[in-house]
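One structure below.
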Amino acid sequence: MIRRILRLCARMPSASAFARNGTRLTVTAVMWLLAIMLCPAVFSQELPPADLQVPVVIDQLVDAALADRHITATETADADTVLRRTTLDLAGRIPTSAERDWYLTQPAQTRGAALIDHLMNLPDFDLHLRNTLDEMLLPDRPNDNDFREYLLHAVQQHQPWSEMFREMLLAEEKEGPEKGAAQFVRSRVRELDDLTNDTAVLFFGVNISCAKCHDHPLVEDWKQDHFYGMQAFFSRTFSTKKNRVAEKPFGEVKFTTTAGEDRKADFMFLTGTIAVDQTPAYSDEEKKQLEEQIRQLEREDDAEMLEAGFSPRQLLVDMALNDSDDLYLARNMVNRTWGRLMGTAIVDPPDQMHSGNPPSHPQLLTWLARDFATHEYDLRRLIRGIVSSRAYARSSEWVSESPAPAAATFAVAATRPLTPRQLAAS
């Protein structure tokens with residue numbers, strides 16, 4: 062118990078940490094209170110000012126954590142190592158000989174920024190970021206060419222991550238490259254559990270699959286209400302005969318609790334916020350007509366699409382984008398991007414964001430998430446900020462006789478293998 066309390070000392074709670082369970086004082090809430098009493102210095106620290114540059118905040122908070130632990134970080138890596146690492150991370154390939162010659166002629170004080178500008182203005186950057194997003198969102202799924210075209214178009218247009226999230230979840234039928242956005246939902250629409258949990262994992266950093274049959278046995282944060290509350294947003298989604306994504310005008314999710322109680326699921330986001338069901342009241346005759354239209358859509362190619370009116374998926378998107386406290390959407394993308402570029406995520410594994418798995422650098426994750434959301438979920442700005450930091454450019458060689466510090470301290474650069482696509486492009 063004491064060990065877990067001390068772990069919690071490293072994590073700052075959100076303002077709604079105790080509100081999610083109403084007035085019920087949970088074990089987690091008690092532990093938070095004990096952590097605050099035991100570690101007042103941690104919880105009294107304020108976040109750095111919002112107007113600071115991203116790399117400045119990264120180095121300030123990472124270095125402060127190292128100083129607290131009496132760890133001396135490695136020096137900046139040599140020029141060739143920084144060149145290779147940055148080119149692999151931004152362009153998805155090793156540098157060319159011409160790039161190396163040019164890079165080494167740049168003034169040492171500005172060559173890092175010049176390299177980042179050069180790489181982020183190449184088509185290679187767009188292709189590599191597209192590949193990274195594709196591997197995250199549709200791993201091991203065949204025939205996703207439309208989706209890859211959509212991602213590339215979105216990256217080339219500097220589309221905010223929040224807008225990409227909206228387009229993928231709403232899965233509207235569009236012409237041109239945007240039509241591929243629907244593939245995220247379409248590829249999972251026949252497996253409701255997959256659609257529910259994959260959305261929670263990939264967009265919000267939360268794996269709620271263990272809360273389906275019972276409250277999560279190891280994580281107090283996640284109850285059956287969370288799993289089925291998320292599932293309620295997708296339960297009306299179905300695929301037509303023409304393989305289009307559609308929504309039924311009505312429908313509900315019911316589940317049985319571990320106590321044997323039958324319950325209807327509310328539209329509930331991961332924060333515990335419950336939304337009002339805005340489904341219109343239909344007469345029995347209207348329901349029969351709508352059910353027949355649904356059957357026609359499932360059987361016939363030329364059936365007319367339904368106008369559902371109230372869309373639970375739209376409701377989920379709105380709730381996620383209005384989550385100004387926990388910032389699940391922003392925290393997840395910041396955490397995954399950090400993990401890709403630094404070798405270890407701030408919350409690791411990245412699908413385990415909960416009170417029992419606190420971030421290694423809580424203030425850093427919170428500041429970066431707020432900055433990401435404030436700047437319109439700009440992926441390029443986030444990536445540029447991380448790779449511009451001194452923490453990113455550290456050497457991976459630990460020369461001290463003492464054991465190397467844990468990867469999550471970011472005192473030493475991680476040694477990362479090339480991905481298959483990086484190998485193919487190099």
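With the working numbering, the residue at position 339 of the sequence shown is 400, and numbering never jumps.
Just so it is clear, CB atoms sit at the ideal spot from N, CA and C, and this is done for glycine as well.
- Are there 16 or more other CB atoms within 10 angstroms of the CB of Ala102, so buried, or fewer, so exposed? Taking the sequence shown and counting its residues from 1, one reaches residue 102 at position 41. With a pLDDT of 41 at Ala102, under the threshold of 50, the modelled position of that residue is not reliable, and the figure given next carries that caveat. Its Cβ having fewer than 16 others within 10 Å, Ala102 is exposed.
- Is Ser296 buried or exposed, if buried means 16 or more other CB atoms sit within 10 Å of its CB? On the sequence shown, residue 296 is found 235 positions in, with the first residue counted as 1. Answer is buried; the Cβ neighbour count reaches 16.
- Query: Out of Ala320, Pro341, Glu365, which has the shortest C-alpha to C-alpha gap to Lys303?
  - Reply: Counting from one through the sequence shown, the residue named residue 303 turns up at place 242. Ranking the options by Cα distance to Lys303, first place goes to Glu365.
- Item | Run of the alpha helix (DSSP H) containing Thr147, from where it starts to where it stops | For the purposes of this step, residue 147 is identified with residue 86 of the sequence shown, where counting begins at 1. According to the DSSP assignment, Thr147 belongs to the alpha helix (DSSP H) that extends over 140-152.
- Message: Am I right that Leu122 and His422 are in contact with their C-beta atoms under 8 Å? What's the rounded C-beta distance?
- Response: Position 61 of the sequence shown holds residue 122. Position 361 of the sequence shown holds residue 422. Between His422 and Leu122 the Cβ distance is about 6 Å, and since that is below 8 Å, they are a contact.
- Item | Beta-carbon gap between Pro464 and Val473 smaller than 8 Å | The sequence position of residue 464 within the sequence shown is 403, counting from 1. The sequence position of residue 473 within the sequence shown is 412, counting from 1. Going by C-beta atoms, Pro464 is not nearer than 8 Å to Val473.
- So, helix, strand or coil for Cys70, using DSSP? Residue mapping note: residue 70 aligns to position 9 of the sequence shown, counting from 1. With a pLDDT of 45 at Cys70, under the threshold of 50, the modelled position of that residue is not reliable, and no figure is offered here.
- Which whole-angstrom value describes the C-beta separation of Ser457 and Ala138, a residue pair presumed to lie in contact below a C-beta threshold of 8 Å? As a first step, residue 457 is located in the sequence shown; it is residue number 396 there, counting from the start. As a first step, residue 138 is located in the sequence shown; it is residue number 77 there, counting from the start. About 7 Å separates the beta carbons of Ser457 and Ala138, which is inside the 8 Å limit, making them a contact pair.
- Residues sharing a beta bridge with Lys501, DSSP: This structure gives no information on residue 501, because the portion of the chain shown stretches from 62 to 487.
- Message: When you compare the segment 284-293 with the segment 309-316, are there three or more beta-carbon pairs, one atom per stretch, that lie closer than 8 Å?
- Response: yes
- Task: Tell me whether Phe288 sits in a helix, a strand or coil according to DSSP, three-state version.
- Result: Position 227 of the sequence shown, counted from the first residue, corresponds to residue 288. Reduced to three states, the DSSP call for Phe288 is helix.
- Message: Please state the DSSP three-state secondary structure of Arg491.
- Response: The displayed coordinates of the chain run from 62 to 487. Any statement about residue 491 would go beyond what the structure contains.
- Query: So does the segment 442-457 actually touch the segment 136-150, counting three or more Cβ pairs closer than 8 Å?
  - Reply: Cβ pair count under 8 Å is three or more, so yes.
- Whole-angstrom Cβ separation of Gly266 and Tyr389, contact assumed at under 8 Å? Numbered from its first residue, the sequence shown carries residue 266 at position 205. Numbered from its first residue, the sequence shown carries residue 389 at position 328. Contact flag correct, Cβ pair sits at about 7 Å.
- Message: Among the candidates Ala111, Val216, Arg154, Pro411, whose CA atom is the shortest distance from the CA of Gln483?
- Response: As a first step, residue 483 must be located in the sequence shown, where it is residue number 422. The shortest C-alpha separation from Gln483 is found at Arg154.
- Item | Integer Cβ distance of Asp195 from Arg209, believed to fall under 8 Å | Here residue 195 refers to the residue found at position 134 of the sequence shown. Here residue 209 refers to the residue found at position 148 of the sequence shown. At roughly 5 Å, the Cβ-Cβ gap stays under 8 Å, so Asp195 and Arg209 are in contact.
- Alpha carbon to alpha carbon, how far is Arg431 from Arg442? In the sequence shown, the residue the question calls residue 431 occupies position 370. In the sequence shown, the residue the question calls residue 442 occupies position 381. Their Cα atoms are separated by approximately 13 Å.
- Message: Whole angstroms are fine: how far does the CA of Ala126 sit from the CA of Thr476?
- Response: Counting from one through the sequence shown, the residue named residue 476 turns up at place 415. Counting from one through the sequence shown, the residue named residue 126 turns up at place 65. Looking at the two C-alpha atoms, the distance is approximately 21 Å.
- Close beta carbons around Trp41, own chain, < 6 Å, minus the five adjacent residues each side: In the structure as shown, the chain starts at 62 and stops at 487, and residue 41 therefore has no counterpart that could be examined.
- Message: Taking a contact to mean a Cβ-Cβ separation below 8 Å, would you say Thr332 touches Asp384 in this structure?
- Response: Within the sequence shown, residue 332 is the residue found at index 271, counting from 1. Within the sequence shown, residue 384 is the residue found at index 323, counting from 1. Result yes, Cβ atoms of Thr332 and Asp384 sit closer than 8 Å.
- Between the Cα of Val216 and those of Glu239, Leu230, Val408, spot the shortest distance and give me the residue it belongs to. Counting from 1 along the sequence shown, the entry for residue 216 is found at position 155. Of Glu239, Leu230, Val408, the residue nearest in Cα terms is Glu239.
- Within this structure, are the beta carbons of Ala152 and Asp185 separated by less than 8 Å? To locate residue 152, count along the sequence shown from 1; it is residue 91. To locate residue 185, count along the sequence shown from 1; it is residue 124. Against a cut-off of 8 Å, the Cβ pair of Asp185 and Ala152 comes out as a contact.
- Query: Do you know how far the Cα of Glu308 is from the Cα of Leu488?
  - Reply: Residue 488 is absent from the model: the chain starts at 62 and stops at 487.
- Task: Take the Cβ of Thr84 as the centre, count every other Cβ of all protein chains shown within 10 Å, and call the residue buried at 16 or more, exposed below.
- Result: Start at 1 with the first residue of the sequence shown, and residue 84 comes out as number 23. Per-residue confidence for Thr84 stands at a pLDDT of 34, beneath the threshold of 50, marking its modelled position as unreliable; no derived number is given.
- Report the partner residues of Arg455 according to the DSSP bridge assignment. Sequence index remark: in the sequence shown, residue 455 carries index 394 (1-based). Partner(s): Thr137.
- Message: At the level of alpha carbons, what is the spacing between Arg374 and Leu230?
- Response: Here the question's residue 374 lines up with position 313 in the sequence shown. Here the question's residue 230 lines up with position 169 in the sequence shown. Those two C-alpha atoms are separated by around 7 Å.
- Assigned exposure category for Asp412 - 16 Cβ within 10 Å defines buried: Looking up residue 412 in the sequence shown gives position 351. Flag for Asp412 reads buried.
- Item | Own chain residues within Cβ distance below 7 Å of Asp362, not counting five before or after | Numbered from its first residue, the sequence shown carries residue 362 at position 301. Around Asp362: Lys302, Lys303.
- Ala452 vs Thr405 beta-carbon contact at 8 Å: What you label residue 452 is simply residue 391 of the sequence shown in a count that begins at 1. What you label residue 405 is simply residue 344 of the sequence shown in a count that begins at 1. No, the pair does not count as a contact, with Cβ atoms beyond the cut-off.
- Taking DSSP as the reference, what is the three-state secondary structure of Ile407? Counting from one through the sequence shown, the residue named residue 407 turns up at place 346. Coil, per DSSP.
- Message: Checking the sheet assignment: what are the DSSP bridge partners for Ile335?
- Response: By 1-based counting over the sequence shown, the position of residue 335 is 274. Note: Ile335 sits in a beta bridge opposite Met329.
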